[in-house]
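For the sequence shown, position 107 matches number 107 in full-length UniProt numbering, and the numbering has no gaps at all. Don't be surprised by glycine CBs; every beta carbon is placed ideally from N, CA and C.
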Amino acid sequence: MSFEIPEPYVWDESFKVFYDNLDDEHKGLFKGIFAVAAKPSDGNALSTLVTAVDDHFKYEEGEMQKNKYADYPSHKKIHDEFLGKLRGLKAPVDDKTVHFAKNWLGQHIKTIDFQYKGKLG
């Protein structure tokens, strides 16, 4: 299953999880992926994306732990797998990998993150 991500990128309200900080971070992750897509040979864009994803996952997981979110362990495992893939990338990043990252993020938000709506305080 994939979800349409507008190009050029604009935030789509259908991705809202209704926690302002998390929605803002999700916007930043999409922007980071599109920055890599725009400059696939730019190692700084890739590094910035990896840092943003890592920071976001840590924050989101912290919110889950703080609120005793029952699906935290499985959610964290999914995060760890994706972050591991990102950390293994080197510039230039090919179109197939950018497409994978866009689809992964869209699907993750709408299927996995949506499960915590209303459960994080």
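Exercise. In the DSSP assignment, find the unbroken alpha helix (DSSP H) run with HIS34 in it and report its ends.
Key: As a working mapping, residue 34 is identified with position 34 in the sequence shown. Contrary to the premise, residue 34 reads as Phe rather than His in this sequence. Element bounds for PHE34: 20-38.
Self-check item: Beta-carbon contacts of residue 122 that lie in its chain and below 6 Å, excluding the five residues immediately before and after
Solution: No answer is possible for residue 122: the residues shown for the chain start at 1 and end at 121.
Quiz item: Considering ILE5, what are the terminal residues of the alpha helix (DSSP H) in which it resides?
Solution: Here residue 5 is taken as the residue at index 5 of the sequence shown, counted from 1. No alpha helix (DSSP H) holds ILE5; DSSP gives it neither H nor E.
Exercise. Take GLY43 and list the residues in its own chain whose beta-carbon comes closer than 8 Å to its own, dropping the five residues that flank it on each side.
Key: The count along the sequence shown starts at 1 and reaches residue 43 at position 43. Counting only Cβ-Cβ distances below 8 Å, and skipping sequence neighbours, we find LYS90, ALA91.
Practice problem: List the whole-angstrom C-beta distance separating VAL36 from LEU46, where the pair is believed to meet the contact cut-off of C-beta under 8 Å. | Solution: Reading the sequence shown from its first residue, position 36 is the one you call residue 36. Reading the sequence shown from its first residue, position 46 is the one you call residue 46. Right, the Cβ-Cβ distance comes to about 6 Å (below 8 Å), so this counts as a contact.
Quiz item: Should GLY84 go down as buried or exposed, given a rule of 16 or more other Cβ atoms within 10 Å for buried?
Solution: Along the sequence shown, one-based indexing puts residue 84 at 84. Under the 10 Å beta carbon count, GLY84 is surrounded by fewer than 16 other beta carbons and is classified as exposed.
Quiz item: What's the C-alpha gap between HIS99 and VAL17?
Solution: Here the question's residue 99 lines up with position 99 in the sequence shown. Here the question's residue 17 lines up with position 17 in the sequence shown. Put simply, the backbone Cα of HIS99 is about 22 Å away from that of VAL17.
Exercise. Tell me where the alpha helix (DSSP H) around SER41 begins and ends.
Key: Indexing the sequence shown from 1 puts residue 41 at position 41. Here SER41 belongs to no alpha helix (DSSP H), and DSSP marks it neither H nor E.
Exercise. Measure from the alpha carbon of LYS31 to the alpha carbon of each residue in THR111, ASP12, GLU61, ILE112, then state which is nearest.
Key: Working through the sequence shown from its first residue, we reach residue 31 at position 31. It is ASP12 whose Cα lies nearest to the Cα of LYS31.
Practice problem: Would you mind sorting GLU60 into buried or exposed? The rule is 16 or more other CB atoms within 10 Å of its CB. | Solution: Reading the sequence shown from its first residue, position 60 is the one you call residue 60. Answer is buried; the Cβ neighbour count reaches 16.
Practice problem: Compute the beta-carbon to beta-carbon distance between HIS79 and PHE57, rounded to the nearest angstrom, for a pair I have assumed lies under 8 Å. | Solution: By 1-based counting over the sequence shown, the position of residue 79 is 79. By 1-based counting over the sequence shown, the position of residue 57 is 57. With 8 Å as the limit, HIS79 and PHE57 qualify as a contact, their Cβ atoms being about 4 Å apart.
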